[in-house]
Amino acid sequence: MRSRTAFYLALILLLVTGGVGLHGCAVNPVTGERQFVLFTEGQEIQMGRAADQDITAALGEYDDPELQRWVDAMGQEMAAISERPDLPWTFRVLDDPTINAFALPGGYIYVTRGILSHMNSDAELAGVLGHEIGHVTARHGITRVSRAQIAELGLGIGMILAPDLRPLGQAAGAGLQLLFLRNSREAEREADDLGLGYMSERDYDPRAVARVFEMLGRASGAEDGERIPGFLSTHPDPLERRGTILEQTTGDAPQYQGSRDDRDGFLQRLDGMVFGTNPREGYFRDGVFLHPEMAFRMDFPREWRTANARTEVQGVSPQEDAVILIELVEETSPEQARNAFLAMDGVVGISRNEDSVNGLPAAGARFRVDGNGTEFRGQVAFIRHGGLTFRVLGYAVAGAWNNREGAVLQSLASFREVTDPAILNAQPRRIEVVRTEVETTFEGFLQRYPSTVDAEVVGVMNGLRSGDVIPAGTLVKRVTGDLPPAN
Ligand SMILES: [Zn+2]
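Below, the structure is given as structure tokens:
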């Protein structure tokens, strides 16, 4: 959780207002064919730039300027030989543990530290960047957004009435999802081909892309919520595409080829990288949300689906009829914050309560919201702690409130200061790159260099399987450090 932004609303507005100027057809820079889009190139860039600011604010850039520069340089090198060299190409490493890479219209391209931690050479990264560059040069994103706009122009209405009370069950970043609609198979194949072309023109070995798809295939089978592979939701069938890429890059007369594939140099750049959730930004452990930097904790109801989405922390009931949210507000006084909340369009105060919460100054209210035909009921508490004002909010569709009220009130009342030094000093897990001294099996490596994540995770991130023999002098990633327990 970081300071609050109007991220979600901004994206909705972007999508809704962006539809005002209708521009019909444009020539696809890659195919030369005319295609239906709603935007000029100038608008495309403007839209990408606005969304880039929101994404960077919401997800954050990974704090390693040297790595950022290096990734950007690799991307620029390939973008320069693309069909659209004059776009304001921007490549960022996001501070996000999920395995993901994506592109926005206008030339904004992102890889997460999660996907980097699962790669093993510069050519693998070049393959992913090349693929995303391909989506931009072929204007896939822009046609997707155009289609989405045509279908979904009404989407933002409920949100604008009461921007802070989004429909139940909708995860933060649902607006973002609209930008990440699953690409069509043809678009994916086109981006694969363009990417293979860019990387081989820059002499990267395109066979590395097959390893990336193998990794994605394995990661999709791993049951680790932290690493839910976002890339896969927009990039289907990794193993089938791996086969296609192998056909194009191997054999007597490969369609694409190159020689650069630097494993050691790449892995050394990953040494010390944060792995998985960074607890400094808050983390869940056994249904409890803990935030070391902000020194607070709060229990969420058991069985609820929870997420720390940077701008807010959220829990959703299994029936998706109630949510609990923790956010920061700008007001310094809980009373002022409550007044501002109750003054929002559609929000009706039912009663106020002045209680402090576990010794912290607080102001609360029972409320209902009438928006777009659906009535919500809930309880809000504004809590002052550590120089910040937190808004802790629980609400449900009116018919479900009686059933959810007890769990919501119990959760809101559990907000308290954390003083346990083990939690206050929690550190993230990190990647440590070690060089094997003697030839060993994968199992032998795990024994000699234990990790604080499952063997399967270590295997996927290194491209290693049970029984594999690792020669002496090989660089291999392990994961060290662990999150402290909640109590
Ligand atoms: Zn793609």
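Position 50 (the sequence shown) corresponds to 155 in the numbering used here; numbering is contiguous. The beta carbon of each residue, even a glycine, is placed where N, CA and C say it ideally should be.
Worksheet item: DSSP on E432, reduced to helix/strand/coil?
Response: strand
Discussion item. Is E291 near ligand 1 - that is, is its Cβ less than 7 Å away from at least one heavy atom of it?
Written reply: Incorrect: E291 has no Cβ contact closer than 7 Å to ligand 1.
Worksheet item: Among residues of its own chain, excluding the 5 on either side of L375, which ones have a beta-carbon nearer than 7 Å to its beta-carbon?
Response: Counting only Cβ-Cβ distances below 7 Å, and skipping sequence neighbours, we find L221, S222, I536, V538 and K582.
Fill in: Inter-residue CB distance, P439 and P466 (contact presumed, cutoff 8 Å)
6 Å
Worksheet item: Going by the beta-carbon positions, is the gap between F547 and R570 smaller than 8 Å?
Response: The answer is yes: Cβ separation under 8 Å.
Worksheet item: Given that a residue counts as buried once 16 or more other Cβ atoms are within 10 Å of its Cβ, and exposed if not, what is G381?
Response: So G381 counts as buried.
Discussion item. My parser needs the beta strand (DSSP E) runs of 3 or more residues fully inside the region 480 to 535; what are they?
Written reply: 493 to 502
Fill in: Separation of L234 from D297, as counted between CA atoms
10 Å
Worksheet entry | DSSP three-state assignment for L569, whether helix, strand or coil | L569 falls in the coil class under three-state DSSP.
Discussion item. Any heavy atom of ligand 1 inside 7 Å of the beta-carbon of A231?
Written reply: no
Worksheet item: Based on the DSSP secondary-structure assignment, which residues constitute the bridge partners of E396?
Response: Note on residue identity: the sequence assigns His, not Glu, to residue 396. In DSSP, H396 forms a bridge with F401.
Worksheet item: What do you reckon, is the C-beta of H601 under 7 Å from a heavy atom of ligand 1?
Response: Absent from the model: residue 601. The displayed extent of the chain is 106 to 592, so no value can be given.
Discussion item. Looking at the secondary structure, which residues open and close the alpha helix (DSSP H) in which N444 lies?
Written reply: P439 to L447
Worksheet item: Taking the C-alpha atoms as reference points, what is the distance between R290 and I204?
Response: Rounded to whole angstroms, R290 to I204 spans 20 Å at the Cα level.
Worksheet item: Does DSSP put G124 in a helix, a strand or coil?
Response: Residue placement at G124 is flagged as unreliable, the pLDDT there being 28, under the threshold of 50; the coordinate-derived value follows with that caveat. Here G124 sits in coil by DSSP.
Discussion item. Run through the DSSP bridge pairs and tell me what D357 is partnered with.
Written reply: For D357, which the question treats as bridged, DSSP gives no partner whatsoever.
Worksheet item: On the three-state DSSP scale, how would you describe G420?
Response: strand
Discussion item. Rounded to whole angstroms, what is the Cα-Cα separation between I265 and H396?
Written reply: Residue placement at I265 is poorly supported in this model, since its pLDDT is 27, which falls under 50; the coordinates still yield a value, given next. One C-alpha to the other measures close to 30 Å.
Worksheet item: Does ligand 1 have even one heavy atom less than 7 Å from the beta-carbon of H240?
Response: Checking the Cβ of H240 against ligand 1 gives yes.
Practice prompt. Leaving aside the five residues before and after A560 along the sequence, list all residues of the same chain whose C-beta is less than 6 Å from its C-beta, in chain order.
Written response: L551
Discussion item. With the cut-off set at 8 Å, would you say D426 and V502 are in Cβ contact?
Written reply: yes
Worksheet item: Among residues of its own chain, excluding the 5 on either side of A512, which ones have a beta-carbon nearer than 6 Å to its beta-carbon?
Response: P406
Worksheet item: Among the residues of its own chain, which have a CB less than 6 Å from the CB of T354, if the five just before and after it don't count?
Response: P311, R312 and Y361
Fill in: Length of the line joining the Cα atoms of A292 and L230
20 Å
Discussion item. Tell me whether A296, by its Cβ, gets closer than 7 Å to a heavy atom of ligand 1.
Written reply: yes
Worksheet item: Rounded to the nearest angstrom, how far is the Cβ of A470 from that of L447, given a contact under 8 Å?
Response: 6 Å
Fill in: D159 and Y213 closer than 8 Å at C-beta
One thing to note: D159 has its Cβ no nearer than 8 Å to the Cβ of Y213.
Discussion item. Only counting the same chain, and skipping five residues up and downstream in sequence, which positions put a Cβ closer than 7 Å to that of G586?
Written reply: Q532, P533, R534, R535 and T557
Practice prompt. Indicate whether L164 and D201 have their beta-carbon atoms separated by less than 8 Å.
Written response: yes
Worksheet item: Looking at the unbroken alpha helix (DSSP H) that takes in I94, where does it start and where does it end?
Response: Residue numbering for the chain in the displayed model covers 106 to 592; residue 94 lies beyond these limits and cannot be assessed.
Worksheet item: Are the CB atoms of E432 and T416 nearer to each other than 8 Å?
Response: Yes; because the gap between Cβ atoms is below 8 Å, this pair is in contact.
Practice prompt. Report, in whole angstroms, the separation of the C-beta atoms of G300 and H245, which I expect to be a contact under 8 Å.
Written response: The Cβ separation is near 12 Å, so there is no contact.
Discussion item. So for E319, helix, strand or coil by DSSP?
Written reply: helix
Discussion item. Using C-beta distances below 7 Å, list every residue in its chain close to Y388, excluding the 5 sequence neighbours before and after it, in chain order.
Written reply: T382, L395, N413 and L588
Item to complete: List the DSSP bridge partners of Y215.
Response: DSSP, once it has assigned bridges, lists R197 and F207 as partnering Y215.
Fill in: Where the alpha helix (DSSP H) through G153 begins and ends
Unbroken alpha helix (DSSP H) run through G153: E146 to L164.
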